[in-house]
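Residue numbers (this note's numbering), protein chains in the order written: chain A, 252 to 582; chain B, 80 to 533.
Heads up, the beta-carbon is just placed ideally off N, CA and C, and yes, glycines get one too.
Note that this is a predicted model, so its numbers are computed, not measured.
Let me begin by presenting the structure, written as C-alpha cells, before commenting on it.
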Amino acid sequence: MYFQLHRRRRGDFTSLINFFPLLRIRIGKVTGGSPLIELGAYTQLLVSYTILGGVYGLTALGLSLIWGVMKAVNWAHGDFLMLGMYVAFWTVTLLGIDPYIAAIVSFILLGLLGMMTHIIAIEPVVEKPGGHEATLLTTLGISVILESLALILWSPSPRSYYNSYKNTFLEVLGVRTSVAEAIAFMISIISIVAVDQFLRRVRIGKAIRAVSQNPIGARVVGIDVPRIRLMTFGLGVALAGMAGVLVSTFYPNIRPLAGSVWDIASYVVVIFAGLGTIYGVIFAGILIGILEGLGTIIFSNAFRQILVYAVFLMILLLRPQGLFGKALRRV
Amino acid sequence: MSFMNAKAWILAIVLLIVGLVVGYFAAGPGQVKTVTTTTTVTETVGVTTQPTKTTPAKRVEIKVGVLLPLSGDSALIGQEDLRGIQLAALHINQSKYPNIRFTIKLVIADTQTKQDVGVTELRRLDQEGVVAVIGAYNSAVTYPTAAEAERIGLPYVDPEAISDKITAQGWKYVFRTCANASKYAYDTLWAMADIAKANGVDVKSIKSVALIYENSDFGVFTTNGLKKYLNMFFPNAEIVYEESYPAEEVTSMDDMVAKLKTKNPDLVFHVAYLKDAVLFVQTMKKLGWSPKAYVGAGAAGQARVEFIQQLGSYANYGYTQTEWLPDFLNSKVLSKWAWIDQDFNRIYGRSMVGSSALNYVGTYVLAVAIQKALDSGADPGDLKAFRNAVRDALETTKIPAGELPLMPWGVDLTVPNHQNPEAIVAMAQILNERLRVVWPLEFAPVKAVFPAPS
C-alpha cells in the first residue's frame with residue numbers, strides 16, 4: 252500500500268539521486284522534476300538532526316549511567332523524563348521562573364525521587380539471585396505506577412508552556428535553529444563532559460567507575476557499594492529529569508505518556524554507544540539523529556525508523572559491545 | 080534457605096497495595112460512571128440553572144445511552160462531548176424546547192478510547208434498556224460499536240466521528256448528524272476557494288499544493304478526500320508534495336519543511352493533532368518559509384486553543400476548520416441560540432467548542448426523533464418496538480437550517496445512508512492570536528487575510 256502511494260509521487264524515484272548532487276547534475280535531464288530539497292537545505296538538515304541527536308544523547312545519559320554501573324535496565328527512564336517535563340510545566344506556569352532554572356529544580360527533585368525509588372524498589376532485589384531481571388521488572392512496575400499517577404493527577408491532556416526560547420531563532424551562515432534547541436544541544440555536551448569529568452576526577456565518581464568495573468573488587472577495597480548504587484541511580488534519574496525539562500523547551504508535548512517517545516531512542520543510543528561509555532552516548536545520539544535525517548531526506552518519514560533499526564541490527568550483529576564499548580575478552 | 084527476608088516481604092506488600100490503589104484510580108472515571116448509571120443530568124448539573132415553571136407535572140422519562148471516551152487518550156475531548164450532551168439533556172428536561180415533552184435520563188458509559196471496551200459497554204447499555212445511543216467520538220470506536228448496535232437493533236446517533244465508512248455500510252439503525260471525512264475535505268477546499276476569490280485571487284492561479292497528514296484513519300481519509308476534490312475547486316493545482324508521519328512518534332519535522340521549502344507550494348493542507356501541528360508551524364518559522372495559506376484540515380490540532388497558546392503570534396494567519404465558534408452567534412440567523420452558550424458559560428466558565436456544540440446538536444436531533452416516536456403512539460414500555468419507532472422517526476427527521484440549535488446548517492436523515500448531507504464545516508483563521516470564523520462568508524464577522532503575509 253505504502254509503496255503504491257510512494258511510486259505515484261513525482262520525483263520520489265529520483266530522491267536517491269537527488270541526495271547526491273553531483274550524480275544528479277550528470278543525469279539531471281533524465282531524472283527531471285525539482286530536487287527533493289535545495290542544496291543549501293542539506294546543511295540545514297545536517298545541523299538540525301545533529302542537534303536532535305545531541306538531545307537524544309542527553310536523554311540517554313542517565314540511562315547509560317545506570318545501565319553501565321548497575322548493569323540494570325531502568326524501564327522507567329522515560330517516565331522520569333516525563334516527570335521532568337511536568338516539573339518544567341508547573342514551575343514555569345505557577346512560579347513564572349525560567350525553564351533553565353526549572354532544569355536545576357528538576358535535577359534536584361528527580362535526583363531525590365530516584366534515590367527514594369532505589370531504596371524502595373531496586374536495592375532490595377538487586378543483589379538477589381536473578382537480581383538484574385528483578386530490577387527490570389520492578390522498574391517496569393514503577394513505570395506503570397508513574398504513568399498511572401500522572402494520568403490521575405494531570406489527565407491525558409497534552410500541556411505545554413509558552414517560552415520565548417523556542418520561538419526565537421538563531422541564524423549562522425544561513426543555517427537556522429531555535430534558541431531552545433541550540434541551548435539543549437549545548438547543555439547536552441556540557442552535561443556529558445561534566446559527567447565524564449565527575450567520573451574521572453571526583454572521589455565518588457571514581458568509586459562509581461570502580462563499582463561499574465568490578466563490584467566485588469570495589470567492595471574488597473572498602474567502597475560502600477550499596478551507597479554508590481544509590482548515588483548512581485539518583486544521578487541517572489536526575490539527569491533524566493533535567494533532560495525532560497530541556498526537551499520540553501522545544502517539544503510541544505507534555506503528557507503522561509510523553510516519555511515513551513524519548514526512551515526508545517535512549518535505549519537505542521545506549522546500545523549504539525556501548526555500556527559504560529559516556530562520550531559514546533553523544534556520538535551515538537548524533538549518529539542516530541543523522542540516520543533519522545537521512546532516512547527522511549532520501550526516502551520519506553516512514554523510512555526514518557527503518558534506517559535507524561537496520562543499522563542498529565548491524566551493530567548488534569557485528570559489534571555487540573556497541574560502537575564505543577570495549578569487548579569482553581574470553582579467558 | 081531463606082527465600083526472602085521479612086523486609087522484602089513488607090516492601091512487596093506495600094508495593095502491591097500502592098499498585099492496587101493506583102490501578103483502581105487509573106481505571107478512570109469510566110468505572111465510576113458504570114456504577115452511577117442512573118445519574119440524571121438534572122442531578123449532575125441542574126444546580127446551576129433552575130427549571131422553568133412550565134414543566135408539566137408528569138412527563139415520560141426516556142433512557143438514552145451515552146458512549147464516550149471518558150478516560151484514555153481521548154478523555155479530554157470525550158469529557159467535552161459529554162458537557163454538550165448533558166447541557167442538551169438539561170435544556171430538554173427544563174422544557175426549553177416546547178416541541179420536546181419528555182425527560183431524558185442519560186446512562187453514561189466509558190469506552191476508555193478502546194474498541195473492545197466500547198463494544199462491551201454498548202452491550203451493557205443495551206441491557207440497561209436505553210432506547211438509543213449517542214457517541215462515540217473516535218471513529219475507530221464508533222465503527223465497531225455502531226456495527227454492534229445495528230446487530231442488536233439499537234438506534235445509534237453519531238454526532239462527531241467522521242470516518243466515511245461508518246455511514247457507508249447501509250446500516251438501518253445508524254445515523255450521523257455531522258459531516259463525514261470526505262465532506263470535511265470538500266469543505267476545506269470549498270472554503271479556501273471562496274476565501275481566495277473574496278480576496279481577489281483567481282483560483283486558477285493556485286498551481287501547487289502539498290498534503291501533510293498524520294498516518295491514522297483520520298489523516299488518511301481526510302487526505303483522500305482532499306485529493307478527490309482538489310481540482311474541483313482549484314482546477315490547475317497539482318499535488319507537488321505529499322507526506323505522512325506517525326503523530327505519536329515524530330520528534331522532528333525539519334525534513335518535511337525543508338522539502339516543502341524546495342517545492343514551495345501555494346497551499347499546504349495539514350491534517351494533524353495538536354503536538355505535530357505545533358511542531359510543524361514552529362519548524363516552518365525556524366526554516367523561514369511559509370506558504371500562501373497553511374490550512375489545518377479536519378478541525379483537530381490547529382483548532383485547539385492550545386495551538387495558539389503554544390505558538391503565540393506565530394500561529395497568526397493559519398487556517399483551521401472548526402465545527403463551531405462563538406462567532407456564529409453574531410449572525411442574525413444564529414443569534415437566537417446565544418442563550419445555549421450563555422448557559423454553558425455559566426456552568427463551565429467558558430464558551431462551547433466544536434465538540435460540545437456537535438454533541439449538543441446530536442442530542443437535540445435524537446430527542447426530536449424520540450418525541451416523534453412518542454407522538455406516533457409507540458409505547459416506551461415495549462423496548463424493542465419503541466427502539467424501532469425511534470429508528471423510524473430518525474429516518475424521517477428533517478430539520479431545516481435556522482431551526483437547528485447553534486449550527487448554520489440543517490439536518491436531513493431521510494437520505495438512504497443516514498449521512499446528513501447538510502452539515503458543513505466552517506473555516507477559521509487565527510487573527511491577532513484568536514480564532515475567527517472566516518467561512519461561510521455570511522457567518523464571518525471578519526474577512527480572511529489571503530495570501531498570508533510572509
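- Put simply, the CB of Glu200 (chain B) is far from chain A, with every gap to its CB atoms at 8 Å or more.
- Burial state of Asp195 (chain B) is exposed, judged by a 10 Å Cβ sphere holding fewer than 16 other Cβ atoms.
- When only Cα atoms are considered, Lys193 (chain B) and Ala277 (chain B) end up about 44 Å apart.
- In this structure, Val426 (chain A) places its C-beta atom within 8 Å of the C-beta atom of Thr294 (chain A).
- Annotated three-state conformation of Ala531 (chain B) is coil, per DSSP.
- Close to Met335 (chain B), with beta-carbon spacing below 8 Å, are these residues of chain A in chain order: Thr547, Asn552.
- Taken atom to atom, the span from the alpha-carbon of Asn259 (chain B) to that of Ser517 (chain A) is near 40 Å.
- Residue range 398-401 is occupied by the beta strand (DSSP E) that includes Tyr398 (chain B), with no alpha helix (DSSP H) assigned at that position.
- At a cut-off of 8 Å between beta carbons, Asn418 (chain A) contacts chain B.
- Going by DSSP, Ala211 (chain B) is part of the beta strand (DSSP E) stretching over 211-214.
- Of A:Thr528, A:Ala354, A:Ala385, the smallest CA-CA separation from Asn325 (chain A) is found for A:Ala385.
- At a cut-off of 8 Å between beta carbons, Asn325 (chain A) makes no contact with chain B.
- The DSSP-derived three-state label of Asp349 (chain A) is coil.
- Per DSSP, reduced to three states, the secondary structure at Asp458 (chain B) is coil, with no helix or strand assignment.
- Assigned with DSSP and collapsed to three states, Ala240 (chain B) falls in coil, not helix or strand.
- Excluding five sequence positions before and after Gly456 (chain A), the CB atoms of its chain that fall closer than 7 Å to its own CB belong to Phe449, Leu450, given in chain order.
- By the neighbour-count criterion, in which a residue is buried when 16 or more other Cβ atoms sit within 10 angstroms of its Cβ, Lys354 (chain B) is buried.
- The beta carbon of Gly441 (chain B) is closer than 6 Å to those of Ile213, Val236, Pro238, Thr256 in its chain, skipping five residues each way along the sequence.
- Two segments are said to touch when three or more pairs of C-beta atoms, one from each, lie closer than 8 Å; by this definition the segment 503-519 of chain A does not touch the segment 345-353 of chain A.
- By DSSP's assignment, Leu290 (chain B) forms a beta bridge with B:Glu321, B:Phe348.
- For Ala292 (chain A), the nearest CB of chain B lies under 8 Å from its own CB, placing it at the interface with that chain.
- Within the segment 395-408 of chain A, contact with chain B at the beta-carbon level (separation under 9 Å) is assigned to Val395, Ile396, Glu398, Ser399, Leu400, Leu402, Ile403, Ser406, Pro407, Ser408.
- Contacts with chain A at 8 Å (Cβ-Cβ) include Val357 (chain B).
- Neighbours of Glu322 (chain B) in chain A, taken as residues at a C-beta separation under 7 Å, are given in chain order as Ser551, Asn552.
- Contact between Leu185 (chain B) and Gln165 (chain B) holds: their C-beta atoms lie close to 7 Å from each other, under 8 Å.
- At a cut-off of 8 Å between beta carbons, Gln295 (chain A) contacts chain B.
- Within 8 Å of the CB of Tyr393 (chain B), the CB atoms of chain A belong to Asn418, in sequence order along the chain.
- Taking each of A:Pro503, A:Ala535, A:Thr301, A:Lys322 in turn and checking the Cα distance to Val521 (chain A), the smallest one comes out for A:Ala535.
- In the structure shown, Trp518 (chain B) falls within a strand segment according to DSSP collapsed to helix, strand and coil.
- For Ser517 (chain A), the closest Cβ of chain B is not nearer than 8 Å.
- Ala356 (chain B) has its alpha-carbon roughly 17 Å from the corresponding atom of Val288 (chain B).
- Here Ser284 (chain B) is exposed, its C-beta having fewer than 16 other C-beta atoms within 10 Å.
- Within the same chain, and ignoring the five residues on either side of Phe358 (chain A) in sequence, the residues whose Cβ sits closer than 7 Å to its Cβ are Ala489, Gly492, Met493.
- Annotation for Arg454 (chain A): the continuous alpha helix (DSSP H) segment containing it runs 454-464.
- By the Cβ rule, the segment 387-398 of chain B does not count as touching the segment 453-470 of chain B, because fewer than three pairs are nearer than 8 Å.
- The beta-carbon separation of Ala226 (chain B) and Lys371 (chain B), rounded to 42 Å, does not stay under the 8 Å limit for a contact.
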